Each structure stands twice: as structure tokens, then as C-alpha cells.
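Chemist: In my numbering, the protein residues as written are 75 to 411.
Got a structure here, written out as C-alpha cells. Questions coming.
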Amino acid sequence: MLSTPFHILGMGWALPKTEIDNDFLHKEVGLKKGPDWVKSRLGIEKRYSVLSKEYIVKTKNKDPLQAIVHARARGETPVTLAIRAAQKAMSHCGVTPAQIGMVVCNCDLPFDLVPATAHYIAKALGIGSGPHMDLNTACSSFARHMKLLAEMSEKTWPEFALTVQTGAYTTRTDYRCDSFDGYIWGDGAAAQICSLRHPGRLKIAPLVFATDPRGADDVKVDSVSHFWQDGAKIREFSIRKTVEMFETIAATKELFAEDVYTVTHQANAVMMDSILDHLRLPKEKLISNVAAQGNIAAAGMPSAVAQRLDTMHKGDQIVYAVLGAGLAWGGGLMEVQ
């Protein structure tokens, strides 16, 4: 099916209240890897959690189910983060809940299995009926959401669609001393108001989305346990596939690589530097926020664009390429209007 370009009118993001830096994780939580290791291997300085610092120190998050109970009691969940991000996106472009006819949400680790997170978001925002749905492809979900919209016929498009990526990975993070996942993960949400009929700040052309189920066990979180991944394999896959997608998108759109901005999955800063080296791209054209907020999964890449957008100029082009569990990958081109 052919992909049809459309517009993103508004973008928003949200982070929880608890700010966690590397010193806290090393000195108070007791993670063995210190700040120097984190700087050289991940390039992440801080991240945010729906959990309190006291809870992390006391429990090391031994029981993820209790972490969900704790986060709920604090009033911070994937849904509350999504609502805040969506409200910011709507405010950004002046679209009201009554104008939104479709909500598409990614929430890898929902606190409630039924109904879909999209329904909770729509209810909280006062959005009416529509084909609201959850569509999860882990950290590549932004690309999947955009590809879904691009493949819809003009007849099935609502006036405005709300796409949301949200998650609370710290509730599934092992904070015991031998783990280093605590240095990686943060929580957060991103949201976009999209339309086929109305012009907006970004014109987006989704070009790539695919999955390879042979890697289904390489990144996983079961229903009760901590996050797990084959780190070395995922790193190699991520770098190789991101480079391939960038080259494919640049060739398809006849772009000069040094003239466009690049934004990738916000896994860690060191990995992104490696991707730039492989592509021989200028670092000043990289859009990134992972150093300041950690890996917030599917919300990372779109939140990075949202945070940078007001400083960009008409005609600026952004190649995006993201990857996720599945294994899944997707990308395309955005142009500032």
C-alpha cells in the first residue's frame, strides 16, 4: 500500500517528577557501575521515574508488581504521562478534544491490560467515540503509528488524529547492585496531533517499517519480571539497521546527508555517536535528548523532535529512524513547514 504524506500540527511530551542522576544510582542505590563508566559507555546524565527515590533505595525494585502499586499511589502512570503530553500537543496547535476522531497509543508496559491505554487517554481528555486503539511495537512505535496513518485512505482519516507513545520502564528495571539497567531507563510520554487535511508545523512522509520475528527473544519483558535484552546483539543490530534506514531514506528522497537533521531511537548517546561515525554525519545536525532524560523507549525520539522544533526553520528536513523489540524498525522524512 502506498504511503501518503500528512502533517503533524502539534507535539508534546511529559516526564515524571522524580529526577535521578548517576551519583544517586551509584552512591545511594548501590549500582556498581559508577558515573565515569556511564559517561563513557552510555552518555546518560540523568533520567526521570514514576517511582520515588526512597522506594528505589529501599526495595531495589525487587517486585515490579509492587512498583506499579507504588506509582499508582503517587498518581504517576503511563496514562497520566500520556494525558500531559497530549494536552501539550493540543495546546501547541489549538486543537480541541472534540476535533479528535482517533487515538493511537503505544504503551509497552501498561498498568491495566484491558481496556486499551488509548481508551483511558480518550476518556480523560474528553475525546468522543472513534477507532481508538493501542498499537505497540516497543521503541519503534512512533514509526509504526506514522506508517499506519500514511496508509489510511482519505475517506477513513478523521479531521485530527492523536498519536501517543508512553511508558514507565523504571517499574520493570532491576536496581540491584550488579545491574546497570538503572542507568539506562527513564519514564516519559510523547504525543502528536496529526491531520491529512490541515497543514501543520511538520510534513511527514513515513517510508519504512518492517519486523524480523527471528529476534523476538532478544528484547523482552514478561508479565511480572524485569526488562531483559541481549545487549551486545541489540547494539550491533541497532547501529547496522539505523545506518541502512538512513541511507535508504536519503537515497529515496535524493537528500545530501550533510544537509539534513538526524534523529534516531534515543537508546544512549554513545550508540548515536557510533551511528554518526558510520554515516559520516555532522554532530551538530543530530537531534537528541537521551543525555538529559535517559532512554524513554518509544517516546524518546518524538520528544526529542518536540523539544527542538521551535528552534528549527522552514525547509529544515529531518530523517528519523527508530528500532524496537520484535525486532522492529521504521523511519521516514519530516520537513519543517
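Don't be surprised by glycine CBs; every beta carbon is placed ideally from N, CA and C.
Here the structure is a predicted model, which means the values were calculated and not measured.
#1: So within the stretch 208-232, which uninterrupted alpha helix (DSSP H) runs reach at least 4 residues, ignoring any that extend past its ends?
#2: Return the Cβ separation of G204 and H81 in integer angstroms, given the expectation that the two are a contact with Cβ distance under 8 Å.
#3: Pull up the DSSP beta-bridge partners for Q303, would you.
#4: If you follow the alpha helix (DSSP H) that L125 is in, where does it begin and where does it stop?
#5: Which stretch, first to last residue, makes up the beta strand (DSSP E) that contains V334?
#6: With respect to the beta strand (DSSP E) encompassing S269, which residues constitute its N-terminal and C-terminal limits?
#7: Do E93 and Y122 come within 8 Å of each other at the CB atom, strictly closer than that value?
#8: Can you list the beta strand (DSSP E) stretches of 3 or more residues lying completely in the stretch 374-410, in chain order?
#9: Does DSSP classify T170 as helix, strand or coil?
#10: Would you kindly check if the distance between the Cβ of F234 and the Cβ of V169 is under 8 Å?
#11: Considering just the uninterrupted stretch of the beta strand (DSSP E) at P280, what are its terminal residues?
#12: Could you please give the first and the last residue of the uninterrupted beta strand (DSSP E) stretch that includes V238?
#13: By Cβ distance, which residues of its chain are closer than 8 Å to H352, with the 5 residues on each side in sequence left out?
#14: Expressed to the nearest angstrom, what Euclidean distance is found between the alpha-carbon atoms of L89 and V177?
#15: Measure the alpha-carbon distance for P232 versus E225 and round it to whole angstroms.
#16: My guess is that G374 and T211 are in contact by the Cβ rule of under 8 Å, so how many angstroms apart are they, rounded?
#17: In whole angstroms, give me the CA-to-CA distance for F320 and E328.
#18: Under three-state DSSP, which class holds G256?
#19: For A366, which option in V295, K91, G117, A147 has the closest C-alpha, if you only look at C-alpha atoms?
#20: Name the residue from E119, Q266, I258, K197 whose alpha carbon lies nearest to the alpha carbon of N180.
#21: Figure out for me which residue from P280, A306, G368 has the closest Cα to the Cα of L407.
#22: Grouping DSSP H, G and I as helix and E and B as strand, with all else coil, what is T92?
#23: How is A185 classed by DSSP in three states: helix, strand or coil?
#24: So, under 8 Å CB-CB, A190 and H206 are touching, yes? Tell me the CB distance rounded to an integer number of Å.
#25: What is the rounded straight-line gap between the Cα of A402 and the Cα of A380?
#26: Which residues does DSSP list as the beta-bridge partners of I313?
#27: Can you tell me the Cα-Cα spacing of G241 and G108, whole angstroms?
#28: Exposed or buried, A306, counting other C-beta atoms within 10 Å across all chains shown (16 or more means buried)?
#29: Pick helix, strand or coil for L83, following the three-state DSSP scheme.
#30: Note the first and the last residue of the continuous alpha helix (DSSP H) segment covering V103.
#31: V344 by DSSP, collapsed to three states: which one?
#32: Taking one C-beta from the stretch 354-363 and one from the stretch 192-200 each time, how about it: are there three or more such pairs within less than 8 Å?
#33: Would L183 pass as a contact of Y243 if the rule is Cβ separation under 8 Å?
Modeler: Taking the coordinates as given:
#1: 215-224
#2: Going by Cβ atoms, the distance from G204 to H81 rounds to 19 Å, so no, they are not a contact pair.
#3: V293
#4: Element bounds for L125: n/a, residue is neither H nor E.
#5: V334 -> no beta strand (DSSP E), and no H or E assigned at all.
#6: 261-269
#7: yes
#8: 391-398, 402-410
#9: coil
#10: yes
#11: 276-285
#12: 234-242
#13: I313, V317
#14: 20 Å
#15: 13 Å
#16: Wrong, their Cβ atoms sit about 14 Å apart, outside the cutoff.
#17: 12 Å
#18: helix
#19: G117
#20: Q266
#21: P280
#22: strand
#23: One detail in the question is off: residue 185 reads as Phe in this sequence, not Ala. Coil, per DSSP.
#24: 7 Å
#25: 23 Å
#26: Answer is none; I313 lacks a bridge partner.
#27: 26 Å
#28: exposed
#29: strand
#30: Careful: V103 lies outside any alpha helix (DSSP H) and carries neither H nor E.
#31: helix
#32: no
#33: yes
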